[in-house]
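Residue numbers (my numbering): 1188 to 1473. Every residue gets a Cβ at the ideal spot worked out from N, C-alpha and C, and that includes glycine. Shown next, in structure tokens, is the structure this report addresses.
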């Protein structure tokens, strides 16, 4: 990967630093930061930098998080407007300490973003909110363009890879509920490989995701962020990633991004969604 540089990257970096935005691009040490920041996309993290869950693949800090900042949605929307982003992904830590898991905070951020930057596509990458439909509804009714929730891994490995409160079938139910809502949201999820899964388990995961109507799938290589996290069991070759892509596409996803450095927020997938929505807009006008 090339080192981060360029006018677009430096401009976004300066605004992020000045506005004190927390970005997954930095917190999760994403290898694609140069491509995304330089190309008009970014992923920001709401509700602080401390998570209430301890997933064994994730580099985000774990502990007792601070109180929510009620001005954060407004400050986020102002910063995104200044950055003039084409596509913004808004995610968060898990906030199981909050009665609604932070759903109302998410919804406020979505509404502010859509008001301040009406041409920016807003994707939210949400926690499972413990599967509570009322909280999922709160987010959906704010009308993000895309709503993502990651299953992360195959069913067998879920108890090992994710926090004990994050369950495979609960994540599937979250995605199904959001897809079936009247807002007509696009749904998206991500799976890491290299954690010990088998090809048969991956194929079953693809089937499970399509059975609940997931539109977009991203597949990427798990990389161990520190010596305290899960070990990498295998490094998947580019040829195998291409085979996984073709297999997943055979199940009918609208788009599959598959490669070693693909992440849940990945510019190629976001570029596809942007193009899809532009076509839909033109069809409505024509």
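- In the three-state reduction of the DSSP assignment, residue 1291 falls in the helix class.
- For a cut-off of 8 Å, the C-beta gap from residue 1310 to residue 1276 is around 5 Å, short enough to register as a contact.
- Between the C-alpha atoms of residue 1237 and residue 1360 there is a straight-line separation of about 26 Å.
- Checking the DSSP bridge columns, you'll see residue 1373 partnered with 1333.
- Along the segment 1384-1451, the alpha helix (DSSP H) occurs as fully enclosed runs of 4 or more residues at 1386-1398 and 1425-1436, listed in sequence order.
- By the Cβ-count criterion, residue 1396 is buried, with 16 or more other Cβ atoms from all chains shown falling within 10 Å of its own Cβ.
- Contact between the segment 1406-1422 and the segment 1381-1395 is present, with at least three C-beta pairs closer than 8 Å.
- Rounded to the nearest whole angstrom, the CA to CA distance from residue 1283 to residue 1461 is 32 Å.
- A Cβ-Cβ distance of about 13 Å is found for the pair residue 1398 and residue 1358, leaving them out of contact under the 8 Å criterion.
- The beta carbons of residue 1325 and residue 1294 sit about 5 Å from each other, so the pair counts as a contact at 8 Å.
- Cβ neighbours of residue 1329 within its own chain (closer than 6 Å, five residues either side excluded): 1294, 1297 and 1298.
- In the three-state reduction of the DSSP assignment, residue 1280 falls in the coil class.
- Residue state for residue 1229 is assigned as strand, using DSSP reduced to three classes.
- Distance from residue 1370 to residue 1327 at the Cβ level is roughly 5 Å; contact confirmed, criterion being Cβ atoms closer than 8 Å.
- The Cβ neighbour count for residue 1263, taken over all protein chains shown within 10 Å, is at least 16; the residue is labelled buried.
- Assigned with DSSP and collapsed to three states, residue 1313 falls in coil, not helix or strand.
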